[in-house]
Structures are given as C-alpha cells and as structure tokens.
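Undergrad: Structure provided below as structure tokens; questions to follow.
Set out below in structure tokens:
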C-alpha cells in the first residue's frame, strides 16, 4: 500500500532508553537474578548487624507478590465492566445513526484533526496540566500530540429531545457511546523534584465513555464567507475510562509491570477527567481554529475558578454564558475581512507568469494570507557566441 499524501506530516515520536529507564530495564530483564543477589547481600548485612537491607527485601517481595495477585483480578473486573458497557450501548435506541456518523468520520477524521494541531495543543496542554500535576513534578512540557489516523467508533447516538429547551439557539446536542482505540499518542518532558529529567510517552490508547457533542452555528445565519459551523464542544457525561495504554518512562515500558499500568492509568484518567467530565468540556472554535477549555454553563474551567476565587472579583454577567461560539459582531468582522480579501484576490489582473498563492490561516487569524508570486525567465545566453567574442 502506497504512502498517503499526509504521511510526511505525521508526527514521529522516538522512544530512547536513558536515565532512570536504563536501570529499570536492566532490573526487568534480570529480575530473578537481581532478587537472588539482593537476598544474598541482605543475609550478609544481617550477619554484620545491618537489618535494614533484609527488611527492604521483604517489603519489596511482599509488594511484588501482591501486585501479581491483584493485577489479574483488576484486569478481569475492568474487562467485565467494559463488556457490560459495550452490550448496554449496543442495545440502546439510536444505534441506527451510528453507521452514518462512523462513515463520516472515516472520510474526514485525519483531515479534521491533523498532526499539525500538535503545535497548538502542546502549549495549551502544558499550561493546563502544570496547575494540576502533583508538587514533585516540575517543568512539565508537552512536546508532541497526535489524535491518530483512524477515527473513534461510535456505538450508539441518541438525541435527547427532552433537553431541547435547554439547548442554545442554532445548536445541536448529541449523546453517544464513544470508543477510542487507535494510534492516539502524546509525549511530554518533566523533572522530578526539579532534579531528575524524565520523558513520558503514552501510545496505543484505548478509552471509552458516554459523551455529549454540541455543534453550534451562528446566532443569525447571514454570513457567506465563514463556516456554517462556528464551534464544537466535547464533554463526557460520565468519567472517561482508560482501558489500555503503552506507557514508556524514559524509554522503559512501564506497562510490562503487573498493576503498574493500572496505577498510572488511574492518574491519567484523573487528569483527563478534570478537563472533560462533570460539565468541563473542550471547545474547538472553527472561526479562529483554536482550542479552549471551559464549563458548560460558565466561561471558565473549575480549576480557573478555584485559582482566582480569592484574588479576583466574579463577574455575574457570565453566569449564564451557555454558547461556545463567538458573538455575532465578531463573526461579522471575520466575514467582512475575508470577503474583502476574496474580492481583492478575485479582481486581481495577473500576467501568464504571475499567480496568487493562498495559504491556510494561522491560529486566531481573521483571514488567509495571500502571497504574490511572479515567475521570471532569464534571457537565454548563447555560450558559443559568447566564447567567440571573448576570444
């Protein structure tokens, strides 16, 4: 199968073994040998009157035995809960809409969410998660993010008509069962206790949750030069569940250790649910092509509200701020600006060797930049005549 046209733009994350990952990989490869050596060393220390190494050996062995006993039971419980959720989602009404939604996602998923969004999402994620990570994690910096290249699977779609009166004007709200199992991955760098450099790479993520998708159009449908969709908001009606992920810590695959994958998954779930559950949502503004985080009923997130509650005065004008889109006046300014540039481009008189190149708009820009390009041909030089004249 040949390469796609967008393959050269895809993000490639290199996983390198370094730092703490090197001794972790060594211990994993030679675990039984390390246990024997550590036990013999602890016995010698006990003979010399040092009891702490033997005590540490017993603690480590006890933890590992408990991990090996608990991990299969937890995996079985999570698998049982996942199967029950799948069966419940399939038998619910509204499943007939899934074929259309899944076919639509198959055609436009990679074009809608290309890897070029990584340059926009990484700075936002770095700022957001720096406020929520534990105190011993410092200098968090996301370096790569990709939604993957195969779309999520929608198991059922339900349009709740009983909530139609609460939905803002010119917007559609859909609830559905969402299963994400593709090449979604991200990478970040940070330091532990401001000293130990670490790299975390998470890939092959499988997660699921009931979600709510809100699609908005302008308050007045009178704009011809902007998108008919102005904003898309995504939120989880129940907490996200991370079923599986390959997690690499400094190049070492932590998922190989029993129960370690589950414990790290709980931490990742907690951080993700802070952003997309309990009314918190991710908003994709189609006019400015930007992402933001906010609550369904207010213009900020819960984290922001808690951060500024003692140092800023609350503005009651935004208590009922239910729409995610820009105001009509702002959209009109974007529409007029794009119309002006389109007319200027359309009326331009160009020679056969001239053309205008229209680029994709940067994040937050009102219009696409247009560049003038002229192809100039140099006069041909007859080398033989020039050589005779020089002679």
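In the UniProt record's numbering, the protein residues as written are 1 to 391. Glycine included, every Cβ here is placed at the ideal spot set by N, Cα and C.
#1: How is residue 298 classed by DSSP in three states: helix, strand or coil?
#2: Count the CB pairs spanning the segment 127–134 and the segment 169–182 that are closer than 8 Å, and state whether there are at least three.
#3: When DSSP builds the beta bridges, which residues end up paired with residue 197?
#4: Quick one: which unbroken alpha helix (DSSP H) runs of 4-plus residues sit fully inside the segment 69–151? Chain order, please.
#5: What number of angstroms, rounded off, separates the C-alpha of residue 56 from the C-alpha of residue 206?
#6: What three-state label does DSSP hand residue 338 in the structure shown?
#7: Once the 5 residues before and after residue 136 are set aside, which same chain residues still bring their CB inside 7 Å of it?
#8: Checking 9 Å against the spacing of the C-beta atoms, do residue 46 and residue 251 come in under that value?
#9: Which of the three DSSP states, helix, strand or coil, is assigned to residue 227?
#10: In the structure shown, what three-state DSSP assignment does residue 344 receive?
#11: Assuming the contact rule is C-beta atoms closer than 8 Å, residue 324 and residue 283 should be a hit. Round their C-beta distance to whole Å, please.
#12: With DSSP collapsed to three states, give me the class of residue 244.
#13: Do residue 108 and residue 154 come within 9 Å of each other at the CB atom, strictly closer than that value?
#14: Quick check: what's the CA-CA separation for residue 233 versus residue 293?
#15: From the DSSP secondary-structure annotation, give me the bridge partner or partners of residue 176.
#16: If you compare alpha carbons, which of 229, 179, 255, 245 is closest to residue 86?
#17: If I measure Cβ to Cβ from residue 426 and keep anything under 7 Å in the same chain, skipping five residues before and after, which residues do I get?
#18: Where does residue 18 sit, in a helix, a strand or coil, going by DSSP?
#19: Is the segment 51–66 touching the segment 236–245, taking contact as three or more C-beta pairs under 8 Å?
#20: Could you check which residue in 337, 249, 40, 289 has the C-alpha nearest to that of residue 15?
#21: Checking 9 Å against the spacing of the C-beta atoms, do residue 181 and residue 152 come in under that value?
#22: Count Cβ pairs between the segment 32–41 and the segment 255–274 that sit closer than 8 Å; are there 3 or more?
#23: Tell me the rounded alpha-carbon separation between residue 22 and residue 29.
#24: Taking just the CA atoms, how far does residue 214 sit from residue 73?
#25: Residue 335: which of 122, 146, 288, 235 sits nearest, CA to CA?
#26: Checking 9 Å against the spacing of the C-beta atoms, do residue 88 and residue 10 come in under that value?
#27: Can you list, in chain order, the residues of its chain with a C-beta nearer than 7 Å to that of residue 276? Leave out the 5 residues immediately preceding and following it.
#28: Look at residue 121 and residue 142 and say whether their C-beta atoms are less than 9 Å apart.
#29: Would you kindly work out how many angstroms separate the C-alpha atoms of residue 77 and residue 273, rounded to a whole number?
#30: Between residue 218 and residue 201, what straight-line distance do the alpha-carbon atoms span, to the nearest angstrom?
TA: The relevant details are as follows:
#1: As a position in the chain shown, residue 298 is number 298, starting the count at 1. Coil.
#2: No, the segment 127–134 does not touch the segment 169–182.
#3: Looking up residue 197 in the chain shown gives position 197. According to DSSP, which records beta bridges pairwise, residue 197 is partnered with 191.
#4: 98–112, 118–129
#5: Taking the first residue of the chain shown as position 1, residue 56 is located at position 56. Taking the first residue of the chain shown as position 1, residue 206 is located at position 206. Each residue's Cα considered, the two are about 36 Å apart.
#6: Reading the chain shown from its first residue, position 338 is the one you call residue 338. In this structure, residue 338 counts as helix in the three-state DSSP scheme.
#7: Start at 1 with the first residue of the chain shown, and residue 136 comes out as number 136. Excluding residues within five positions, the ones whose Cβ falls inside 7 Å are 192, 193.
#8: The count along the chain shown starts at 1 and reaches residue 46 at position 46. The count along the chain shown starts at 1 and reaches residue 251 at position 251. Not a contact, by the Cβ cut-off of 9 Å.
#9: Taking the first residue of the chain shown as 1, we reach residue 227 at position 227. In the structure shown, residue 227 sits in coil (DSSP, three-state: anything other than H, G, I, E or B).
#10: Counting from one through the chain shown, the residue named residue 344 turns up at place 344. Here residue 344 sits in helix by DSSP.
#11: Position 324 of the chain shown, counted from the first residue, corresponds to residue 324. Position 283 of the chain shown, counted from the first residue, corresponds to residue 283. Between residue 283 and residue 324 the Cβ distance is about 5 Å, and since that is below 8 Å, they are a contact.
#12: The sequence position of residue 244 within the chain shown is 244, counting from 1. When secondary structure is reduced to three states using DSSP, residue 244 falls in the strand class.
#13: Taking the first residue of the chain shown as 1, we reach residue 154 at position 154. Taking the first residue of the chain shown as 1, we reach residue 108 at position 108. Contact flag unset, no.
#14: Counting from one through the chain shown, the residue named residue 233 turns up at place 233. Counting from one through the chain shown, the residue named residue 293 turns up at place 293. Taking the straight line from one Cα to the other gives about 9 Å.
#15: In the chain shown, residue 176 corresponds to position 176, counting from 1. Answer is 157, 211.
#16: Taking the first residue of the chain shown as 1, we reach residue 86 at position 86. Ranked by Cα distance from residue 86, the first of 229, 179, 255, 245 is 179.
#17: Nothing about residue 426 can be read from this structure; the chain reaches only from 1 to 391.
#18: For the purposes of this step, residue 18 is taken as residue 18 along the chain shown, with counting starting at 1. Coil, per DSSP.
#19: no
#20: The residue you call residue 15 lines up with position 15 of the chain shown. Closest in alpha carbon position to residue 15, among 337, 249, 40, 289, is 249.
#21: Counting from 1 along the chain shown, the entry for residue 181 is found at position 181. Counting from 1 along the chain shown, the entry for residue 152 is found at position 152. Remark: C-beta atoms of residue 181 and residue 152 approach each other more closely than 9 Å.
#22: no
#23: To locate residue 22, count along the chain shown from 1; it is residue 22. To locate residue 29, count along the chain shown from 1; it is residue 29. Near 11 Å, if we compare the C-alpha coordinates of residue 29 and residue 22.
#24: On the chain shown, position 73 is the one that residue 73 refers to. On the chain shown, position 214 is the one that residue 214 refers to. Roughly 38 Å separates the two Cα atoms.
#25: As a position in the chain shown, residue 335 is number 335, starting the count at 1. Nearest C-alpha to residue 335 among 122, 146, 288, 235: 288.
#26: To locate residue 88, count along the chain shown from 1; it is residue 88. To locate residue 10, count along the chain shown from 1; it is residue 10. No, the Cβ-Cβ distance between residue 88 and residue 10 is not below 9 Å.
#27: Numbered from its first residue, the chain shown carries residue 276 at position 276. Hits under 7 Å: 234, 235, 236, 240, 282.
#28: Residue mapping note: residue 121 aligns to position 121 of the chain shown, counting from 1. Residue mapping note: residue 142 aligns to position 142 of the chain shown, counting from 1. A contact, by the Cβ cut-off of 9 Å.
#29: On the chain shown, position 77 is the one that residue 77 refers to. On the chain shown, position 273 is the one that residue 273 refers to. Between residue 77 and residue 273, the C-alpha separation is close to 21 Å.
#30: Taking the chain shown and counting its residues from 1, one reaches residue 218 at position 218. Taking the chain shown and counting its residues from 1, one reaches residue 201 at position 201. If you take the alpha carbons of residue 218 and residue 201, they lie about 39 Å apart.
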